[in-house]
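A.B. asks: So the protein sequences, as listed, match chains U and B. Per full-length UniProt numbering, the first sequence runs over residues 1 to 191. Per full-length UniProt numbering, the second sequence runs over residues 1 to 205.
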Amino acid sequence: MESLINNLVSQVKSGDQEAFEGLVEIYKDKIYRLCYRMVGDSHEAEDLAQEAFVRAYINIDKYSGSYKFSTWLYRIATNLCIDKLRKKKPDYSMDAEIPGTEGATLYNQVAGADPLPEEEVEEKEKRDHLQQEIMKLPEKYRTAILLKYVEDLSLEEISSVMDLPVPTVKTRIHRGREALKKVYKKVAELR
Amino acid sequence: MSCDTEQYMSLIDKALDGDITELELKELNLHLEVCEACRAHYYALKEIISDMKESAPVVAPDQFTENVMKKLPAVKKKRMPAQWIRRYPVLTAAAVFLILMFGSVMANWSTGNELSVVSGSDEVQIKPSTHTVIVPKGKTVKGDLVVENGDVRVEGKVDGDVVVIKGKKYMASAGQITGDSQEIHQVVEWVWYNLKTFFTGEEQK
Numbered sequence: 001m002e003s004l005i006n007n008l009v010s011q012v013k014s015g016d017q018e019a020f021e022g023l024v025e026i027y028k029d030k031i032y033r034l035c036y037r038m039v040g041d042s043h044e045a046e047d048l049a050q051e052a053f054v055r056a057y058i059n060i061d062k063y064s065g066s067y068k069f070s071t072w073l074y075r076i077a078t079n080l081c082i083d084k085l086r087k088k089k090p091d092y093s094m095d096a097e098i099p100g101t102e103g104a105t106l107y108n109q110v111a112g113a114d115p116l117p118e119e120e121v122e123e124k125e126k127r128d129h130l131q132q133e134i135m136k137l138p139e140k141y142r143t144a145i146l147l148k149y150v151e152d153l154s155l156e157e158i159s160s161v162m163d164l165p166v167p168t169v170k171t172r173i174h175r176g177r178e179a180l181k182k183v184y185k186k187v188a189e190l191r
Numbered sequence: 001m002s003c004d005t006e007q008y009m010s011l012i013d014k015a016l017d018g019d020i021t022e023l024e025l026k027e028l029n030l031h032l033e034v035c036e037a038c039r040a041h042y043y044a045l046k047e048i049i050s051d052m053k054e055s056a057p058v059v060a061p062d063q064f065t066e067n068v069m070k071k072l073p074a075v076k077k078k079r080m081p082a083q084w085i086r087r088y089p090v091l092t093a094a095a096v097f098l099i100l101m102f103g104s105v106m107a108n109w110s111t112g113n114e115l116s117v118v119s120g121s122d123e124v125q126i127k128p129s130t131h132t133v134i135v136p137k138g139k140t141v142k143g144d145l146v147v148e149n150g151d152v153r154v155e156g157k158v159d160g161d162v163v164v165i166k167g168k169k170y171m172a173s174a175g176q177i178t179g180d181s182q183e184i185h186q187v188v189e190w191v192w193y194n195l196k197t198f199f200t201g202e203e204q205k
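(1) Cα separation between residue 173 of chain U and residue 36 of chain U?
(2) With distance defined between alpha-carbon atoms, name the residue in B:37, B:26 and B:14 nearest to residue 5 of chain B.
(3) Counting only Cβ pairs nearer than 9 Å, list the residues of chain B close to residue 161 of chain U.
(4) Using only the alpha-carbon positions, how far apart do residue 8 of chain B and residue 140 of chain U sit?
(5) Give the straight-line distance between the Cα atoms of residue 73 of chain U and residue 188 of chain B, rounded to the nearest whole angstrom.
(6) Just confirm the distance between the C-beta atoms of residue 70 of chain U and residue 27 of chain U, as a whole number of angstroms; I'd bet it's less than 8 Å.
(7) Below 7 Å CB to CB, which residues in the same chain sit around residue 197 of chain U once its five sequence neighbours on both sides are set aside?
(8) For residue 71 of chain B, go through chain D and note every residue whose CB falls closer than 7 Å to its CB, in chain order.
(9) Compile a chain-ordered list of the residues in the region 34-59 of chain B whose CB is closer than 7 Å to at least one CB of chain U.
(10) Please compile the residues from chain U whose C-beta is within a distance smaller than 7 Å of the C-beta of residue 65 of chain B.
(11) Tell me whether residue 130 of chain B counts as near the ligand ATP, meaning its Cβ is closer than 6 Å to at least one heavy atom of that ligand.
(12) To the nearest angstrom, report how far apart residue 31 of chain B and residue 157 of chain U are at their CA atoms.
(13) Are the CB atoms of residue 52 of chain B and residue 32 of chain U within a distance shorter than 7 Å?
(14) Can you look up residue 159 of chain B in the DSSP assignment and give me helix, strand or coil?
(15) In whole angstroms, what is the alpha-carbon distance linking residue 15 of chain B and residue 171 of chain U?
(16) Can you name, in chain order, every residue of its own chain whose Cβ lies under 6 Å from the Cβ of residue 44 of chain B, other than the five neighbours on each side?
(17) Is DSSP giving residue 188 of chain B helix, strand or coil here?
(18) Can you give the beta carbon distance from residue 39 of chain U to residue 81 of chain U, rounded, assuming they're within the 8 Å contact cut?
(19) Which of the three DSSP states, helix, strand or coil, is assigned to residue 122 of chain U?
(20) Taking Cβ to Cβ, would you say residue 183 of chain B is nearer than 7 Å to residue 169 of chain B?
(21) Classify residue 181 of chain B as helix, strand or coil using the three-state DSSP reduction.
(22) With DSSP as the reference, identify every bridge partner of residue 132 of chain B, one or two as the case may be.
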C-alpha cells in the first residue's frame, strides 16, 4: 500500500494529473470524515475536503516524503477546518432557544427523516449527541481527539499532523477526553 | 476517591493512549477490581472512545473524486520544461538550435558598420566615402550581389539577386536585375534572411 502511494505521488509530481485521482480515491473517506467531525456539517465538510485535495495537488512539490502522505493530507485538512471554524465563530447554536418561544430549540424545528425503529433512533441520538459534544470542544482538543479515536492515528502521526511535540498531543487528548466524559455522564444520568 | 488518584489516573491515561506496559496494566487491573471510583472513570472514558470509533461510518459523497479532479488547475506550470523535453525531444532540440542560431546572427547584426560587399565583388566599384557600391554601366555581375552597411547603385546588370543590408538600392534607368532584390533594415528581416539562406543552402560565399 505504502509503495503504491509513493508511486502515485511521484507520478503526480512528474506532472501526471490522472495519478492524483488514485490518491483522492484512497483518502477521500478519511479526509471527508475528519472534516465532517470537525465542522459538523456535511456541505461544509465536502467543500473543505475537496479544497484539501486541491491544495495537496497544487503544493505536491512541497511534500518531501519524510512522513506519510496521509499525515500530510491530514495536516492540510485540519488546518483548513480550523481556519473555517475560526472565521465563523459567531454562529448560532442549534441548542439555543428560539426567541419568543418556550423551550423550543432549532432541534425541535428540524423535521425528522423517515421514522426509524426505536433502537436505531436511540443509537442515532447517541451518536448525534456525541457529535454535538465533540463540536463543543475547543479546536485544539477536538483535532487531537478526532485524529486519535476516529482516524486511529498514532501519537507520533498526530504530532506531525498538528506540528506539536508528542507530550502536548497527549495532554490535549487527555483534556478532550475528560471534557467529553463530563458532558456524556450528564446525558447518561438524564436517561 | 479513596486511592492514590494521581498515580492511577496516569495509568488510565496510558492505557487509553495504548502505551501502557504489561506490568503497569496488571497493576491497573488489580486496582480497578478494588476501586469503584477509578473503575467508573475508566469505563466511562472507554465507552466514549468506543462510541467515537463506532459512530456511523461517514463516507465521502458521490462524485467526490470527479469534483476534485474538475477543480484542479489545468496544467502544472512549474513542471513544464522537464515535461516538454521528455515529451518532445526533437522539438526541444530544434528550439534550442534556433535560439542559438538567432543569438549568433544577432551578434553579427550589431557588430560592424563598415561597408562591405559580401558577394559579387568582382565587377563593382566600392566607394567607402559615400557608403555606396556601384555596378557600373555596361558591366555585369554574375551571381548574387550582397552588400552590407551601404547603398547600391545599379547602372549595369546583375545576373542574380541583389540584397542590401542596412542600406538602400537605387536603380538607374539602364540598370537591370534578373533575380529578386531585397532591402533589409531590421533585425527580424536579417535573421529571417540568414535562416533562409542557411536552410536553402544558398551559401553567401
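Cβ atoms here follow ideal geometry from the backbone N, Cα and C, with glycine treated the same way. This structure is a prediction, so every number in the text was calculated from the model and none was measured.
C.D. replies: From the atom records:
(1) 19 Å
(2) B:37
(3) Annotation: residue 161 of chain U has no Cβ neighbours in chain B at a cutoff of 9 Å; minimum Cβ distance is about 16 Å.
(4) 25 Å
(5) 51 Å
(6) 6 Å
(7) In the structure as shown, chain U begins at 1 and stops at 191. Residue 197 of chain U is therefore absent and cannot be evaluated.
(8) This model lacks chain D altogether, as its protein chains are U and B.
(9) For the region 34-59 of chain B, the residues whose beta carbon sits under 7 Å from a beta carbon of chain U are, in order, 44, 45, 48, 49, 51, 52, 53, 55, 56, 58 and 59.
(10) 21, 24, 25 and 28
(11) In the structure shown, the ligand ATP is absent, as is every other ligand, since no ligand is present at all.
(12) 32 Å
(13) no
(14) strand
(15) 14 Å
(16) none
(17) DSSP places residue 188 of chain B in helix when its eight states are reduced to three.
(18) 6 Å
(19) helix
(20) yes
(21) Assignment of residue 181 of chain B by DSSP, reduced to helix, strand and coil, places it in the strand class.
(22) B:127 and B:151
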